[in-house]
Every structure is written in C-alpha cells, then in structure tokens.
Amino acid sequence: MQAQHPSSSECKATTAPVQGAGTFKPTRPMLAMAMIGAALIGYLVQKTPDARQRLESLAEMAQTLGDLSEHDAAVVAQLLARPSTLPHTTGEFHHV
17 MQAQHPSSSE CKATTAPVQG AGTFKPTRPM LAMAMIGAAL IGYLVQKTPD
67 ARQRLESLAE MAQTLGDLSE HDAAVVAQLL ARPSTLPHTT GEFHHV
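The numbering of the sequence shown is our numbering, which starts it at 17 and goes up by one.
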C-alpha cells in the first residue's frame, strides 16, 4: 500500500490496520461486575446510605438480568448484611 506524504514527493509504505487491535469490547457481565466492584469499594470506604443504595441497586439489576452469579450475589449480600459502622469522633484530639 502506498501513501503520499506532504513532506516528501516520494511514496512511502504504510501498514494496513490490524484487525481486532484496540477493539476489545467487554461483555455485559464484565461491565456489570466492574460497576458492582466500584460500588462495593465506594460502600466499603464511604459507608453512606447512598453508597449502600447504589450497591444494592446495581447488584439487584445485574442479578435480574442474569449478569451476576449466585456466588457473587451472595458475597454482596453478605457484605451488606454486616453492620456499617462509621468512625465516631467527638471533636477531641487523642495523642498517642
């Protein structure tokens, strides 16, 4: 294959695009797992009602669509069953 380059009047060889290179498309279950993983991390870090609701909603939707295995759904349910405790501060400084 030949291509004309503006910097030179001579023709230079070019390579044809490789089929499949850079066209990775994750499957719907992979995307669902990535979103649930992000929501799970958000919930474990933030421990807010909003983060919990997001995780519950995503897990429920993925399970309904068949994109979340029974085992993975059980792991999410087990983590949601744990009481979420926020660190309580009284505004006092404690020096160690």
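Glycine included, each C-beta is placed from N, C-alpha and C at the ideal position. Being a predicted model, the structure only gives us computed values, none of them experimental.
6 Å Cβ shell around residue i - same chain, five flanking residues per side excluded
| i | result |
| --- | --- |
| Pro45 | Asp83 |
| Ala55 | Arg70, Leu71, Leu74 |
| Tyr59 | Ala67, Arg68, Leu71 |
Pick from the options that is closest to residue i, judged by C-alpha positions
| i | options | result |
| --- | --- | --- |
| Leu74 | Ser100, Lys41, Leu47, Thr64 | Leu47 |
Contacting residues, own chain, Cβ-Cβ under 8 Å from residue i (five flanking each side not counted)
| i | result |
| --- | --- |
| Ala50 | Pro42 |
Rounded C-alpha distance that separates residue i from residue j
| i | j | result |
| --- | --- | --- |
| Pro65 | Thr30 | 56 Å |
| Met77 | Pro99 | 23 Å |
| Ala92 | Leu81 | The question names Ala, but residue 92 in the sequence shown is Val. When rounded, the distance between both Cα atoms is 16 Å. |
| Asp88 | Phe40 | 24 Å |
| Ala67 | Lys28 | 56 Å |
| Gln79 | Ala97 | 17 Å |
Collapsed DSSP secondary structure at residue i in the structure displayed
| i | result |
| --- | --- |
| Thr43 | coil |
| Arg68 | helix |
| Ser85 | coil |
| Ser100 | coil |
Same chain only: Cβ atoms within 7 Å of residue i, ignoring 5 sequence neighbours per side
| i | result |
| --- | --- |
| Gly38 | none |
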